[in-house]
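Numbering (the working numbering), first residue to last: 5 to 431.
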Ligand code: LLP
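Laid out in structure tokens, this is it:
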């Protein structure tokens with residue numbers, strides 16, 4: 005069930021009308037539902053425990069890049085979530101939200117020495133290493149600190165995720181991971197390094213996958229490698245399958261999280277019983293979008309209606325700098341009027357105030373609109389605020405977390421004057 009539904013003709017976040025939130029906090033504002041976050045996280049956590057499975061043998065690490073707001077991270081931490089990070093900055097956020105560094109995994113192709121030092125100083129759970137040079141640098145940094153870095157290799161299984169090319173990451177041509185054919189040699193090299201401790205294997209083939217078949221295909225390839233490594237005496241303790249399943253933006257029908265995890269665990273169980281001698285292996289997930297995507301909307305006000313010869317524009321106060329996905333990926337987001345009006349309305353392109361023709365949020369939508377109306381841009385909880393910029397010196401939106409009838413301002417609206425505080429004039 006969506007956390008955003010109409011009550012007496014007004015779109016609400018849980019029980020709170022969105023027009024009340026706009027009155028209190030202004031617009032544009034990202035609004036998140038704590039109940040939805042909780043339900044989506046629990047879909048993963050419960051599937052990890054289903055059938056009496058030991059919860060200690062699985063770990064859900066929320067992908068911080070999808071939404072890094074401290075309020076969001078703190079809710080997930082309270083639920084027991086781990087975190088998947090891609091920068092030292094994201095680690096600092098996790099720590100500021102009270103997250104446990106021992107449940108943090110560090111992905112990304114370009115970790116700096118500083119990133120590595122910070123992560124090692126907090127004893128994170130694991131580095132997902134993406135290349136041989138990175139392995140050597142990590143060994144060197146860990147050596148300088150008198151530590152051993154726990155690593156997993158991100159292996160590129162060369163599986164087609166059949167998603168948008170910008171968010172498909174598991175093919176040979178992508179910059180990510182170690183090629184499947186090179187994995188064995190890379191593991192051998194890693195095992196020989198004195199400040200590296202080989203603990204796992206991971207992959208991430210792409211985002212917004214609606215079908216789990218490519219993920220299960222990737223799983224089979226990882227399992228094959230684990231067996232080969234095992235025969236060489238390199239024994240792994242965890243298997244990380246990467247990001248989560250996609251979400252419904254429009255009429256998409258993603259596989260249910262419980263069904264996907266059920267199939268994944270069933271395969272792992274068969275393999276463990278037959279070839280892995282029943283030994284335990286911890287299964288890790290790095291979901292982002294499926295936890296927070298449909299738990300958030302972007303609330304925006306119609307500034308002007310512009311009726312043209314061939315097109316009508318609804319110019320709203322949110323723009324591509326607030327929500328990049330339409331401009332960047334041609335992404336479709338639902339648009340709902342906060343207060344329902346009678347009549348079919350007209351066909352509108354919903355656009356922002358930024359000086360770019362690519363600044364659009366939705367195209368050709370039938371909406372009964374009047375100036376001053378509020379709109380909710382749906383499914384905006386993931387890769388919304390985290391990808392926002394200050395283009396056109398626009399302060400970024402406020403963020404509000406709804407918990408039933410309670411509201412928490414989890415990020416203040418940015419004041420444009422603060423945006424140039426770090427700059428200097430020449431005179
Ligand atoms: N793990 C790794 C290593 C990743 O690269 C990603 C996402 C995830 C986990 C989380 O995947 P998810 O569960 O959210 O599908 N900005 C794009 C999405 C980029 C995804 C990048 N990697 C968008 O707005 O669609």
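Note that beta-carbon positions come from the ideal geometry of N, C-alpha and C, so glycine has one too.
Keep in mind the model is a prediction, meaning the values are calculated, not measured.
Next item on the list: Please find out if some non-hydrogen atom of ligand 1 comes closer than 7 Å to the beta-carbon of residue 48.
Entry: no
Margin query: Tell me which residue opens and which closes the alpha helix (DSSP H) that residue 216 is part of.
Written below: Residue 216 -> no alpha helix (DSSP H), and no H or E assigned at all.
Check: Looking at residue 368 and residue 351, is the spacing between their C-beta atoms short of 8 Å?
Finding: yes
Note to self: Count Cβ pairs between the stretch 245–264 and the stretch 212–231 that sit closer than 8 Å; are there 3 or more?
What the structure shows: yes
Notebook entry, point to check: Would the beta-carbon of residue 208 be found less than 7 Å away from any heavy atom of ligand 1?
Noted result: yes
Margin query: At a threshold of 7 Å, does residue 391 count as lining ligand 1 (C-beta to nearest heavy atom)?
Written below: yes
Next item on the list: Tell me whether the beta-carbon of residue 377 lies closer than 8 Å to the beta-carbon of residue 301.
Entry: no
Notebook entry, point to check: Of all the beta strand (DSSP E) runs that stay within the bounds of the stretch 279–319, which reach a length of 3 or more residues?
Noted result: 286–289, 300–311
Notebook entry, point to check: Does the distance from the CB of residue 165 to the CB of residue 227 come in under 8 Å?
Noted result: no
Next item on the list: Throw me the rounded Cβ distance for the residue 73 and residue 403 pair, which I believe falls under 8 Å.
Entry: 5 Å
Item checked: Beta-carbon gap between residue 358 and residue 320 smaller than 8 Å -> no
Checklist line | Straight-line Cα distance separating residue 324 from residue 363 | finding: 5 Å
Notebook entry, point to check: Apart from the five residues on each side of it in sequence, which residues of its chain come closer than 8 Å, Cβ to Cβ, to residue 255?
Noted result: none
Item checked: residue 218 CB to nearest heavy atom of ligand 1 below 7 Å -> no
Check: What's the C-alpha gap between residue 360 and residue 395?
Finding: 11 Å
Check: DSSP three-state call for residue 336: helix, strand or coil?
Finding: coil
Check: Once you ignore the five residues that flank residue 97 on each side, which residues in its own chain have a CB closer than 6 Å to its CB?
Finding: 72
Notebook entry, point to check: Is residue 90 helix, strand or coil by DSSP?
Noted result: coil
Check: Per DSSP, residue 341 forms a beta bridge with which residues?
Finding: 379
Next item on the list: Identify, in the order they occur along the chain, each residue of the same chain with its Cβ nearer than 6 Å to the Cβ of residue 182, setting aside the five sequence neighbours on each side.
Entry: 157, 159, 190
Check: Is DSSP giving residue 132 helix, strand or coil here?
Finding: strand
Next item on the list: Please report the Cβ distance between residue 303 and residue 25, rounded to the nearest whole angstrom; I am assuming they are in contact, meaning their Cβ atoms lie under 8 Å.
Entry: 6 Å
Notebook entry, point to check: Taking 7 Å as the line, does the beta carbon of residue 247 fall inside it for any heavy atom of ligand 1?
Noted result: yes
Note to self: Suppose you measure from the CA of residue 294 to the CA of residue 249; what does that come to, to the nearest Å?
What the structure shows: 6 Å
Notebook entry, point to check: Taking residue 67 as the reference, which of 278, 420, 108, 328 has the closest Cα?
Noted result: 108
Margin query: Please return the same chain residues whose Cβ sits closer than 8 Å to the Cβ of residue 155, not counting the five positions on each side in sequence.
Written below: 130, 131, 132, 133, 139, 142, 194, 200, 201, 202, 203, 204
Margin query: Once DSSP output is grouped into helix, strand and coil, what is the label at residue 67?
Written below: strand
Margin query: Buried or exposed, going by whether 16 or more other CB atoms sit within 10 Å of the CB of residue 271?
Written below: exposed
Checklist line | Proximity test, residue 386 beta-carbon vs ligand 1 heavy atom, cut-off 7 Å | finding: yes
Check: Among residues of its own chain, excluding the 5 on either side of residue 398, which ones have a beta-carbon nearer than 6 Å to its beta-carbon?
Finding: 325
Check: Can you find at least 3 beta carbon pairs, one from the stretch 58–65 and one from the stretch 86–97, that sit closer than 8 Å?
Finding: yes
Check: Hey, quick one: how far does the beta strand (DSSP E) through residue 401 stretch, first residue to last?
Finding: Careful: residue 401 lies outside any beta strand (DSSP E) and carries neither H nor E.
Next item on the list: State yes or no: is the C-beta of residue 327 within less than 8 Å of the C-beta of residue 384?
Entry: yes
Next item on the list: Report the option in 407, 41, 30 whose CA atom is closest to the CA atom of residue 386.
Entry: 41
Notebook entry, point to check: In terms of residue numbering, what span does the beta strand (DSSP E) encompassing residue 206 cover?
Noted result: 200–206
Next item on the list: Could you pull out every residue in the same chain whose Cβ sits closer than 8 Å to the Cβ of residue 59, ignoring the five residues on either side in sequence?
Entry: 49, 52, 53
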